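Protein chains in written order, with our numbering: chain G, 469 to 817; chain D, 25 to 331; chain B, 252 to 609.
Cβ atoms here follow ideal geometry from the backbone N, Cα and C, with glycine treated the same way.
Here the structure is a predicted model, which is why all the values come from computation and not from measurement.
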Amino acid sequence: MPEARTTAAFRKSPIVRVALHDAGICAVVLAAFAAILLAAGKHPLKAYADTFRYTLANAYGFSELIVRMTPLVLTAVSVALPSRLGLINVGGEGQLYMGAWMASAGALLAPDLPTWILLPLVAVLGFMGGGVWAAIPGLLRAGKLVSETISTLLLNYVAPLIVSYFIFGPWRAPGSSAYPQSPVFPEAALLPSFFNTRIHAGFIISLAALLVYWLIVEKTRWGIDMRAIGGNAEAAQRLGIPVAKWIVVALAVGGGFAGLAGMGEVMGIHGRLRQGLSPGYGFTGFLVSWLAGGRPLGILFMAFLFAIITSTGDTLQITQGLPYSVVHILLAMILFIVLAGRPVRAGAI
Amino acid sequence: MTTPLALGVLGGAILSGTSLLYATLGETIVERSGIVNLGLEGILLIGASVGFSTAAATGNAWFGVMAAAMAGGLANVLFGWLVVTRRANQLASGLAMMFFGFGISALVGAPYVGAVIVGLPKWRPSWLGGLPWVQSTTLFDYDALTWLAVPVAILVWWALFWTRWGLAVRAVGERPGAVFASGRNPSVLQYQALSSGGLLGGLAGAHLSLSLTKTWAEYMTAGRGFIAIALVIFSKWHPLRAIAGALLFGGAEALQLQLQARGSAVSPFLLDMTPYLLTLLVLLAWGGSRRLVAPASLGRTFYGSDG
Amino acid sequence: MTRTLGFIIGFFVLVFWLTAKPAFADSPRLIIGVIYVGSFNDYGYNKSFHDALAQVAKDLPGVTVIEAENVAESSDAERVMEGMIQQGAKLIFPTSFGHKDFARKVAKRHRDVFFEHPGDGDTESNFGVFFGSTQTAWYPMGVAAGKMTKSNKLGFVIGMPIGYALGNVNAFELGAKSVNPKAQTVVVVTGGWSDKAKEAGAANALLDQGCDVVAMHVDSPATIIQTVEARGGMSIGFQSLEARALAPTGWVTGLGFTWTPFFMDVAKSVIAGRFQGQAVYQGLGQMVAIAPFGPAVPAEVQKLVTNAANRVMKGFTPFTGPLTDNTGSLALPPGATINNAQMGNFDWYVDGVIGKVR
């Protein structure tokens with residue numbers, strides 16, 4: 469890292485460059501979206517003022533940003549970790565649901581355990597649920613049978629069906645025939661919340677996950693091994709690194725993080741297992757990770773940005789009468805700008 | 025008269041499989057040229073919404089079909105600009121196209137949700153209609169898109185494997201360097217593959233909104249785009265095998281509903297899983313030889329020289 | 252690079268200019284907030300709310316309605332409702348069953364904002380529940396179907412096996428059996444309230460398996476009715492009285508919601524400051540209405556149906572024990588009844604229904 473003795477050197481240092489680059493994207497996006505709002509007959513300044521007022525300048529709105537961010541950080545890590553090996557995990561949705569399912573199983577089957585056992589148990593189960601669900605594609609890929617992109621994608625559709633089966637069947641709360649869901653989980657299993665908002669301990673878990681991810685990748689021998697595999701799998705194999713085992717482990721651990729996201733949603737927000745747990749956190753997490761280049765701080769920043777964007781969509785729908793699909797267009801536009809503008813290195817995929 | 029289960033499932037498979045087949049064929053062409061379009065779901069939605077809106081606005085379903093095909097082709101060309109001209113990461117670009125498709129289709133379709141259209145006319149040859157076991161079913165009573173589905177598959181097969189253009193397209197997917205060295209422009213070939221693939225994708229969406237359901241609803245494709253991507257692999261990038269794949273998946277979906285209509289005691293959620301699990305199982309079975317049949321340069325960006 | 256950027260931005264601006272529509276609001280006497288799980292142009296459930304509230308806004312001066320579509324039955328709903336409250340909404344309609352818990356949480360935080368939820372559960376000072384009890388209204392529909400069917404097999408497509416839907420199916424079958432003891436109802440579950448492709452497949456499957464009259468409980472009846480009509484079957488509509496336009500030949504009759512009078516009362520009570528959180532369940536004749544008959548329905552069948560409807564409006568309920576479920580056990584003991592507030596609790600199918608509850 470070059471010593472920042474002069475301002476010129478400081479400006480060139482990696483951190484500043486990256487921050488400026490990200491800020492540059494934000495500025496462009498803000499300007500472009502303003503142009504779009506104008507074209508739609510809306511008042512861009514009022515729209516931004518409304519968004520600022522109801523999301524950033526507002527305690528409840530800001531707390532909601534944190535709530536939205538929590539699962540996103542986790543699913544982003546679930547993509548970033550396997551990507552170090554060149555693996556593509558688009559199965560965050562399914563892994564999230566299976567994490568929620570397994571955590572619910574723990575809460576429902578062992579309701580009498582005290583908090584200090586039940587809460588960690590539920591977290592571990594959440595991790596395992598997502599982990600196992602991702603290990604399956606991992607095994608298939610390690611055995612060179614099916615590309616993990618496809619298998620993780622397909623399993624995304626199976627997991628919510630498993631959850632539906634259970635809440636309409638064996639785990640259906642009696643008397644809730646009108647709206648099937650599991651019974652409410654015991655207090656002991658629920659994640660505590662803060663400041664009288666919906667921010668829950670899952671946020672701490674997501675920050676911890678980010679830290680763990682950074683440690684693994686930057687500070688451990690494993691991180692070096694992973695980068696070797698990601699660079700050239702064959703060479704790494706010849707060096708004695710057990711590539712197949714790494715593939716399974718990386719996907720499983722990644723899936724575990726997504727499973728924690730699911731656990732957080734049911735134990736921190738809903739308090740029971742129900743349908744519709746994720747409005748696409750898995751896919752948005754993929755984009756967060758990709759836009760952040762897999763960097764931990766970048767993930768935090770991008771997750772926050774995405775939380776603001778999706779929040780904007782809701783606000784604009786109510787204040788300006790714009791349909792929610794505005795958010796999708798906005799996301800697409802940001803991606804187009806980033807994708808079309810990125811300097812590419814030869815050989816990159 | 026109650027239709028035997030097999031015929032009911034076959035009938036449902038053909039109806040449901042039509043859009044799957046078109047989507048798979050379109051993606052096959054594109055992947056044969058070395059590009060993966062994960063945003064196929066978005067292309068289908070664009071086709072469905074543009075097709076439906078045009079049909080509702082003009083009162084003519086055929087205009088809808090044409091508009092859908094053009095919209096799909098244009099959308100794929102936009103995708104091509106990202107991945108061919110700007111050399112962007114194909115997977116992320118695909119997801120961007122998916123979001124784009126979600127948003128655009130919702131906006132285009134919004135004024136027409138709930139509109140009633142006439143839809144594509146159906147036709148059944150009279151000699152078939154006279155057969156007793158056919159009469160009360162949906163068999164052989166199809167719109168033009170369904171009738172043409174298999175012929176189009178054969179056409180795509182012929183184009184890819186029996187014409188010089190097809191050879192060049194496939195070569196771009198295997199060794200773009202060789203194509204470049206031989207004097208042809210890989211980018212142009214990829215754009216051609218993308219526009220024809222997008223056209224087929226648009227038709228797939230059009231069939232959903234103009235014939236099968238005769239309506240438009242946001243996200244109505246319900247994951248068909250992703251299934252088609254899996255079906256491309258399932259059919260080993262071969263248009264004729266795609267017919268079997270589309271029938272299989274369409275059949276799995278129809279089986280679930282037909283079993284319920286017969287009073288079978290299986291949970292609809294478990295039955296709903298079967299198409300996806302089936303696809304996985306089949307991919308597993310094909311798995312060993314997969315590496316030998318995928319286009320060698322699939323997913324890689326070409327920089328004007330080898331590697 | 253700047254050119255590319257400009258190109259992309261220009262493209263999106265163009266796209267938006269061509270597709271988006273403007274909308275604005277002014278400062279009114281009462282702002283009503285409505286959230287829908289899907290689109291309110293669904294020709295069905297959501298549209299019934301949208302139309303009724305639009306009527307209220309038209310008839311009562313100073314009332315505006317702000318709406319949000321595609322609000323999932325998840326924590327998103329809380330955010331959207333909070334947003335509406337910050338916009339000044341004083342009366343909120345969370346229109347889907349699954350919005351309930353989230354609406355209740357918001358209601359606890361804002362005791363000066365009033366909620367009306369179509370569903371069940373406890374009421375609070377600022378939280379009322381209501382629903383059009385369609386279940387008993389399905390009885391005359393069953394009577395119509397039982398008389399019109401020639402194959403004695405009736406089809407019923409439902410989105411999800413929730414209590415209200417099961418109740419509808421049960422009343423339908425009981426009505427059909429009352430005029431045609433051989434009538435059976437086959438149920439197909441699509442797994443979602445608005446999966447159009449599955450609805451088409453379900454309708455086809457029911458017709459394939461011998462049903463000639465098809466009814467439904469999904470968000471919008473359009474796809475099913477059109478599919479059935481194209482194959483020459485008969486349909487009984489739900490959620491929207493206008494759906495009969497879709498089946499000029501095969502339409503029998505149907506049910507629709509008429510929320511306007513109730514919504515009018517609620518809006519007036521909020522403006523006058525005397526809102527009371529109550530549980531209001533009204534059936535046929537108040538929140539639920541029967542659609543006109545189709546051309547194929549003979550006069551004597553119309554009379555039977557109208558008689559059955561009148562009996563229901565006078566208080567008759569088909570849900571009087573003893574009733575056996577379709578696995579052979581006694582579901583309702585002799586003399587017991589199920590009243591409007593309990594319609595969400597069904598978890599069984601009556602004898603004669605072919606289908607599995609879970």
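query	result
Whole-angstrom C-beta distance between B/T346 and B/V285, which should lie under 8 Å	6 Å
Within chain G, the residues that B/N321 reaches when beta carbons sit closer than 9 Å	Q785, P791, Y792 and S793
Supposed close pair G/G730, G/L607 - CB separation, criterion 8 Å	Going by Cβ atoms, the distance from G/G730 to G/L607 rounds to 21 Å, so no, they are not a contact pair.
Burial state of B/D516, where buried means 16 or more other Cβ atoms lie within 10 Å	exposed
With 16 other Cβ atoms within 10 Å as the buried cut-off, status of G/R706	exposed
Short CB-CB distance (under 9 Å) between G/P470 and chain B	Since pLDDT at G/P470 reaches only 47, below the 50 mark, its modelled position is unreliable, and no value is offered.
Three-way DSSP call (helix, strand, coil) for B/Y532 in this model	strand
Length-filtered (4 minimum) alpha helix (DSSP H) runs lying within the segment 324 to 386 of chain B	326 to 337 and 351 to 360
Residue environment, G/H489, which counts as buried when at least 16 other CB atoms sit within 10 Å	exposed
Endpoints, beta strand (DSSP E) assigned at B/F407	K404 to I409
Beta carbon proximity, D/P292 to chain B, threshold 9 Å	yes
Inter-residue spacing [alpha-carbon to alpha-carbon] between D/S150 and B/I476	25 Å
Beta-carbon spacing of G/A491, B/I260 below 9 Å	no
Burial state of B/P273 (16 or more Cβ within 10 Å)	Any reading at B/P273 must be qualified, since the residue scores a pLDDT of 34, below 50, and its modelled position is unreliable; no value is offered.
Residue-level contact to chain B via CB, G/F772, 9 Å cutoff	no
Neighbour-count burial assignment, B/G257, 16 or more Cβ in a 10 Å radius	exposed
Interface flag, G/R813 vs chain B, CB-CB below 9 Å	Unreliable positioning characterises G/R813 in this predicted model, as indicated by a pLDDT of 46, which lies under 50. A coordinate reading is not provided.
The segment 206 to 217 of chain D in contact with the segment 90 to 110 of chain D per 3-pair CB rule at 8 Å	yes
Interface flag, B/A274 vs chain G, CB-CB below 9 Å	Since pLDDT at B/A274 reaches only 31, below the 50 mark, its modelled position is unreliable, and the value read off the structure follows with that caveat. Yes - at least one Cβ of chain G is within 9 Å of the one on B/A274.
Inter-residue Cα distance where the pair is B/Q306 and B/A560	26 Å
Where B/F508 sits in the DSSP three-state scheme	strand
4 or more residues per run - each alpha helix (DSSP H) lying fully within the segment 205 to 280 of chain D	210 to 231 and 248 to 258
Any C-beta of chain D under 9 Å from that of G/L622	yes
Alpha-carbon to alpha-carbon, D/A72 and B/F275	In this prediction, B/F275 has a pLDDT of 33, which is less than 50 and means its spatial position is unreliable; what the coordinates show is noted afterwards. Taking the straight line from one Cα to the other gives about 30 Å.
Chain-ordered chain B contacts of D/M122 [CB-CB under 9 Å]	Those do not exist, as D/M122 stays about 16 Å from chain B at its closest Cβ, beyond 9 Å.
Below-9 Å beta-carbon distance, D/T48 vs any chain B residue	no
Secondary structure of G/S661, DSSP reduced to three states	strand
Below-9 Å beta-carbon distance, G/G599 vs any chain B residue	no
Neighbour list for D/A278 in chain B, Cβ cutoff strictly below 9 Å	G452, N455 and A456
Own chain residues within Cβ distance below 8 Å of G/G691, not counting five before or after	R552, I684 and V685
Length of the line joining the Cα atoms of D/A320 and G/P710	25 Å
Residues near G/W714 in its chain [Cβ-Cβ closer than 8 Å; skip 5 each side]	L553, D693, M694 and I697
CA-to-CA distance, B/G379 to B/I589, given in whole angstroms	21 Å
Residue-level contact to chain B via CB, D/T27, 9 Å cutoff	yes
Positions along the segment 710 to 734 of chain G whose CB lies within less than 7 Å of some CB in chain B	none
Paired residues, beta bridge with B/V604 - DSSP	B/T436
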